[in-house]
Amino acid sequence: MKILVLNCGSSSIKYKLFEMSDKSIAAQGGIEKIGLKGSFIKFTLPDGSKKIIEREIAEHTAGIEFIFEILVDAEYGCIKSLKEINAVGHRVVHGGEKFSGSVLIDQNVIDMVIECNDLAPLHNPANLKGINAISKILPGVPQVAVFDTAFHQTMPDYAYLYAIPYELYDKYGIRRYGFHGTSHRYVSARVCQFLGINPQNTKVITCHIGNGGSITAVLNGKSIDTSMGLTPLEGLMMGTRSGDIDAGAVTYIMDKEHLDTAGVSDLLNKKSGVLGVSGVSSDMRELCAASEEGNLRAQLAEKMYYYRITKYIGAYTAAMNGVDVIVFTGGVGENQASCRKAVCDNLGYLGVEIDDNLNKVRGEECVISTPASRVKVVVIPTDEELMIATDTMQILSNK
2 MKILVLNCGS SSIKYKLFEM SDKSIAAQGG IEKIGLKGSF IKFTLPDGSK
52 KIIEREIAEH TAGIEFIFEI LVDAEYGCIK SLKEINAVGH RVVHGGEKFS
102 GSVLIDQNVI DMVIECNDLA PLHNPANLKG INAISKILPG VPQVAVFDTA
152 FHQTMPDYAY LYAIPYELYD KYGIRRYGFH GTSHRYVSAR VCQFLGINPQ
202 NTKVITCHIG NGGSITAVLN GKSIDTSMGL TPLEGLMMGT RSGDIDAGAV
252 TYIMDKEHLD TAGVSDLLNK KSGVLGVSGV SSDMRELCAA SEEGNLRAQL
302 AEKMYYYRIT KYIGAYTAAM NGVDVIVFTG GVGENQASCR KAVCDNLGYL
352 GVEIDDNLNK VRGEECVIST PASRVKVVVI PTDEELMIAT DTMQILSNK
């Protein structure tokens, strides 16, 4: 069975084609700058090299048609016909309270996703464009929606509710939903498999750390709390997002800077975080380089970034009355040894002890704690696309 996985953004489409008999990747790539000048597709060739082809791509349907053109191309393609694609799995960012798992897409599902658009105005409409494009180009091919928020629907009400008038939850669904759920679900299950332990009797804290970041407490295989909230803005300090901030500070800034809601949203989502504090970059690699060169604001941003991660790990250890495993994943979590060390050096009270040599690992599954450490610390590269493909196959198998 061949399953195509699509992740559609407002001006981009990422794709992977899986051969599910052995879960291998037959093709992968992405389109950037849809609807803008200089749009292009970039994909991986069989020898691992990258190929870029520029073309004007006005909208998502044209982009997906371009992807299909590459997939069946005599020189670059891996399939002879689009009929070889058995199903398409889509990343959908926000399912609200409507979806607690992945679902086969029909018009009722589409309507419910549209109802969640207000909760994710930058993401859900783009995800729907991908769904509609496949319906047009490959009518009859089954499609599955896999939601970023679904894994966190197991949170108890006392964890997901905000201390605001309850009527606002009733009227507008204002609550913590959490994101990166597909990643947290994958790595929390994979680490238990990797360590040979039972997820039903394990306390795991998963740290998805990258330009966007979130931390989840996973008790007996289920999410019971997570750092992102109604939107991806809450929680950790991120590349350009502020993370946790006093709501009173927000209204104060709005008054002083004469900002409307769009202006303050832009400030907190795109101009804050690591970029805002350091004034250098939102990229942790560039931040660390500046820090090593003695840039004081870069050093401050770095300390703030690590401190927030450490603080959430401590909070979720308390929420679960202990922790057995801490997992690092995401671009920074998988590849930046200095981040993992800085965080774990402040977890000695939990009995966490890192092996500095093992911690040099980049992008590979590895236990980086010492045998004496009372908590296992593990690097597990995330694979959200494989999770989406696996869900898609399972749902089709149960039809």
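Per our numbering, the very first residue in the sequence shown carries number 2; after that it's consecutive.
Beta carbons are placed, not taken as given, at the ideal position from N, Cα and C, and that holds for glycine.
Counterpart residues of residue i in DSSP-defined beta bridges
i: Q144; result: V89
i: H124; result: Answer by DSSP bridge pairing: none, since H124 is not bridged.
i: D226; result: A218
i: F329; result: C208 and V380
i: Q29; result: K17
i: S283; result: Paired residue(s): none; S283 is not in a bridge.
i: L234; result: Per DSSP, none; premise fails for L234.
i: F44; result: G30 and K52
i: K24; result: Answer is none; K24 lacks a bridge partner.
i: I1; result: Residue numbering for the chain in the displayed model covers 2 to 400; residue 1 lies beyond these limits and cannot be assessed.
i: I4; result: F19 and A88
i: L105; result: V145
Euclidean distance between Cα positions of residue i and residue j
i: P200; j: Y253; result: 45 Å
i: F329; j: E235; result: 19 Å
i: T262; j: D357; result: 46 Å
i: G332; j: I210; result: 6 Å
i: F67; j: G179; result: 33 Å
i: K3; j: R186; result: 23 Å
i: I132; j: K81; result: 23 Å
i: I14; j: G277; result: 28 Å
i: I355; j: D325; result: 15 Å
i: G249; j: D256; result: 11 Å
i: R363; j: L297; result: 27 Å
i: A338; j: S189; result: 20 Å
i: C340; j: Y307; result: 7 Å
i: Y159; j: G78; result: 51 Å
i: K52; j: V205; result: 39 Å
i: L220; j: L120; result: 27 Å
i: G334; j: I165; result: 34 Å
i: R375; j: L351; result: 7 Å
i: Y170; j: S22; result: 44 Å
i: E258; j: S266; result: 13 Å
i: D392; j: G102; result: 9 Å
i: Y167; j: I369; result: 44 Å
i: L162; j: R177; result: 6 Å
i: P143; j: K24; result: 19 Å
i: S224; j: D74; result: 43 Å
i: Q300; j: E293; result: 8 Å
i: N322; j: N336; result: 29 Å
CA nearest to the CA of residue i, picked from the options
i: N360; options: Q300, Y350, C345 and G352; result: C345
i: K17; options: K24, S11, L7 and D23; result: L7
i: F100; options: Q108, G90 and F148; result: F148
i: M269; options: T241, D247 and S283; result: Rather than Met, the amino acid found at residue 269 in this sequence is Leu. Out of T241, D247 and S283, T241 has the C-alpha closest to the C-alpha of L269.
i: M238; options: I310, Y167, A250 and I198; result: I310
i: L105; options: D119, C117, N118 and G90; result: G90
i: E365; options: L351, T383 and T371; result: T383
i: E76; options: S224, P47 and E85; result: P47
i: D107; options: V145, V265 and D23; result: V145
i: V275; options: A291, L162 and Y167; result: A291
i: T371; options: M394, G230, K342 and Q395; result: K342
i: R116; options: G174, P140 and G141; result: Rather than Arg, the amino acid found at residue 116 in this sequence is Glu. For the residues G174, P140 and G141, the minimum Cα distance to E116 belongs to G174.
i: T150; options: G230, G264, V251 and G323; result: G230
i: C385; options: L139, H181 and D74; result: The sequence as given places Glu at residue 385; Cys does not occur at that position. The shortest Cα separation from E385 among L139, H181 and D74 belongs to H181.
i: G405; options: K304, K377 and I26; result: Only positions 2 to 400 of the chain appear in this structure, which leaves residue 405 out of reach.
i: I26; options: I32, K38 and G49; result: G49
Test item: CB-CB of residue i and residue j under 8 Å
i: S215; j: S228; result: yes
i: S273; j: A302; result: no
i: N125; j: V114; result: yes
i: A134; j: A218; result: no
i: F152; j: T183; result: yes
i: C208; j: I327; result: yes
i: L72; j: A28; result: yes
i: T62; j: K137; result: yes
i: K172; j: C9; result: no
i: S283; j: N212; result: yes
i: G36; j: E60; result: yes
i: A88; j: L387; result: no
i: K401; j: S12; result: This structure leaves residue 401 out entirely; the chain is present only between 2 and 400.
i: C367; j: V353; result: no
i: I58; j: L5; result: no
i: F19; j: A390; result: yes
i: Y317; j: D226; result: yes
Is the segment 273 to 290 in contact with the segment 191 to 199, if contact means three or more CB pairs nearer than 8 Å? no
Is it true that the segment 90 to 101 meets the segment 36 to 51, where meeting means three or more beta-carbon pairs spaced less than 8 Å apart? no
Does the contact criterion of 3 or more C-beta pairs under 8 Å hold for the segment 147 to 164 versus the segment 338 to 352? no
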